[in-house]
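The structure appears below as structure tokens.
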Amino acid sequence: MTEKTDHKTTRRGFLASGIAVGGAVASGRAAVAGEAEITEMQPWRRNLGDPVNNAPYGTPSQFEADVLRRPVAWLTPDATTAVSFTPLHALDGTITPNGLCFERHHGGVAQVDPEKYRLMINGLVDRPLIFTLQDLLRFPRENRTYFLECAANSGMEWRGVQMDGVQFTHGMIHNVEYTGVPLRYLLEEAGVQTAGKWLLAEGGDASGMSRSIPMEKALEDCLIAFKMNGEALRAEQGYPVRLVVPGWEGNMWVKWLRRLEVGDMPWHHREETSKYSDLMADGRTRRFTWEMDAKSVITTPSPQAPVLHGKGPMVLSGLAWSGRGSIPRVDVTLDGGINWHQARMDGPELDKSLRRFYYDFNWDGTALLLQSRAHDSTGYVQPTKDALRSLRGVNSNYHNNGIQTWHLGKDGRVRNVEVT
Ligand SMILES: Nc1nc2c(c(=O)[nH]1)N[C@H]1C(S)=C(S)[C@@H](COP(=O)(O)O)O[C@H]1N2
Ligand SMILES: [Mo]
């Protein structure tokens with residue numbers, strides 16, 4: 301396909317086309333409003349608004365109707381084995397609204413009756429137990445904000461540019477405040493035997509999806525969650541109960557959680573031995589790559605969020621995260637990696653949670669090559685896509701945390717490109 305070459309841009313070629321970038325934050329953003337627009341009697345001033353309780357469960361403004369999670373036709377074998385993507389280009393801050401959290405299902409969305417919900421713990425335990433939802437609500441609970449990223453996020457970009465928006469290149473992620481019971485409490489109640497080193501977490505949906513989790517992780521920070529962003533989990537996210545496995549790939553966060561079996565070895569099932577491991581250039585596979593490496597992306601400007609305001613003050617913004625800790629720092633470049641600038645971090649620096657960054661600058665109206673580069677609290681720095689490819693080849697579909705490049709054109713439009 302020629303498309304790939306079209307999207308490849310060399311820094312040299314880019315520079316030859318002329319670039320000048322203003323560094324300092326602009327002052328004087330004064331907007332000049334037309335007099336008529338503010339003195340005019342707009343319809344929403346002339347007429348009474350909608351009555352109270354018009355929408356007993358609120359929805360976004362009618363003018364935001366296109367901010368939706370969206371699937372990709374060629375990635376949707378059928379409607380029950382599918383993925384829909386978070387519209388990152390339209391969001392700010394760090395919390396993903398419940399209705400916009402990407403969803404990934406292997407057997408459709410189970411509709412589980414909370415009265416009939418049961419969670420079983422069996423295997424190498426002193427006391428096999430069955431919990432109702434009411435039982436779970438009697439354990440002390442915690443509130444923690446974590447990102448969930450599917451290991452396949454950005455996977456379509458391993459071999460080159462594919463998707464034309466941050467929603468699709470990076471939208472298999474959401475960041476939610478969970479309320480739940482530390483898994484440790486339930487395991488203590490059941491009494492894990494000394495030989496119990498692994499946990500099989502099994503879903504109650506038609507796919508019966510299950511994953512093996514090392515006991516160490518289960519005891520460290522996993523949660524049995526029943527609330528997201530304050531309200532009950534959405535059915536799509538595993539109502540009434542899902543497993544939260546902070547910092548680890550999304551596949552392990554079993555939804556509609558029905559059973560936890562304690563064992564002395566990992567369960568070798570299909571997902572772990574083939575599907576969710578990374579195929580390397582030499583034919584070997586990387587297995588047990590559970591922790592999500594540090595990553596970042598610019599959400600605005602991006603292909604679905606072009607620059608509409610012309611040159612002058614611009615707020616560039618994006619998200620960064622790491623499965624190994626927090627994000628103290630993000631760098632931004634406007635020239636494809638020649639000059640890097642430290643971004644302005646905003647909001648609390650939480651572990652295994654999205655962090656918002658900004659770069660406020662004066663756009664001179666020339667074409668730019670935008671990139672962001674995350675640093676995490678372990679000192680790890682997000683690599684380029686080519687660096688990842690030279691390590692792992694191009695056979696993988698998982699764990700692509702390479703630096704993303706957007707080309708901002710003079711007309712304000714943004715394209716997904718790569719620089720070499
Ligand atoms: N029971 C069950 N749990 C599941 C899945 C599933 O299909 N069934 N999909 C997994 C995958 S691959 C991912 S990436 C996450 C997605 O979580 P989300 O739908 O809340 O985004 O759930 C995981 N848990
Ligand atoms: Mo996934």
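Here the working numbering is used: the first residue of the sequence shown is 301, the next is one more, and so on. Even glycine gets a Cβ: it sits at the ideal position worked out from N, Cα and C. As the structure is a prediction and not an experimental result, all values here were calculated from the model.
Closest by C-alpha distance to proline 440, out of Leu523, Leu543 and Ala365, is Leu523.
For proline 343, the enclosing alpha helix (DSSP H) starts and ends at 343-346. In this structure, asparagine 551 has its beta carbon less than 8 Å from a heavy atom of ligand 2.
Here asparagine 453 has His470, Met472 and Ile473 as same chain residues with Cβ atoms under 7 Å from its own Cβ, once five neighbours each way along the sequence are excluded.
Collapsing the DSSP output to three states places aspartate 564 in coil. Note that the segment 357-368 does not touch the segment 339-348; fewer than 3 beta-carbon pairs, one per stretch, sit closer than 8 Å. Residue burial is scored here from C-beta neighbours: glutamate 561 has at least 16 other C-beta atoms within 10 angstroms and is therefore classed as buried.
If you check the CB distance, alanine 643 and aspartate 631 come in under 9 Å. Tryptophan 663 and alanine 365 have their C-alpha atoms spaced approximately 30 Å apart. For glutamate 718, the enclosing beta strand (DSSP E) has its first and last residue at 714-719. The C-beta distance from valine 541 to leucine 557 rounds to 5 Å, short enough to meet the 8 Å contact threshold. For phenylalanine 468, the enclosing alpha helix (DSSP H) has its first and last residue at 466-470. Annotation for lysine 497: Met515 and Asp564 place their beta carbon closer than 6 Å to its own, counting only its chain and skipping 5 residues before and after.
Secondary structure at leucine 436: helix, using DSSP grouped into helix, strand and coil.
Spanning the alpha carbons of aspartate 646 and leucine 608 requires a straight line of approximately 24 Å. With contact defined as three or more Cβ pairs closer than 8 Å, the segment 449-469 and the segment 422-429 are not in contact. Under the DSSP assignment, glutamate 649 falls outside any alpha helix (DSSP H); it carries neither an H nor an E label. Per DSSP, glutamate 488 lies in no beta strand (DSSP E) segment; the continuous alpha helix (DSSP H) that holds it begins and ends at 483-490. Rounded to the nearest whole angstrom, the CA to CA distance from tryptophan 590 to glutamate 549 is 5 Å.
Distances from the CB of methionine 472 to the heavy atoms of ligand 2 include at least one below 8 Å. The criterion of a C-beta distance shorter than 9 Å is satisfied by threonine 445 and valine 476. Looking at Thr599, Gly679, Ala535 and Leu668, the one whose alpha-carbon comes closest to that of leucine 654 is Thr599.
If one requires a minimum length of 4 residues, the alpha helix (DSSP H) runs lying completely within the segment 673-703 are 685-692, in chain order.
Glycine 480 sits away from phenylalanine 447, with the two beta carbons spaced by 9 Å or more. Rounded to the nearest whole angstrom, the CA to CA distance from glycine 504 to glutamate 415 is 14 Å. Assignment of beta strand (DSSP E) within the segment 488-534, counting only whole runs of 3 or more residues, yields 498-503, 510-514 and 523-528 in chain order. In this structure, DSSP gives glutamine 671 an extended state, which the three-state scheme calls strand.
For glutamate 415, no beta strand (DSSP E) encloses it, and the DSSP letter there is neither H nor E. Taking 8 Å as the cut-off, the C-beta of cysteine 450 counts as close to a heavy atom of ligand 2.
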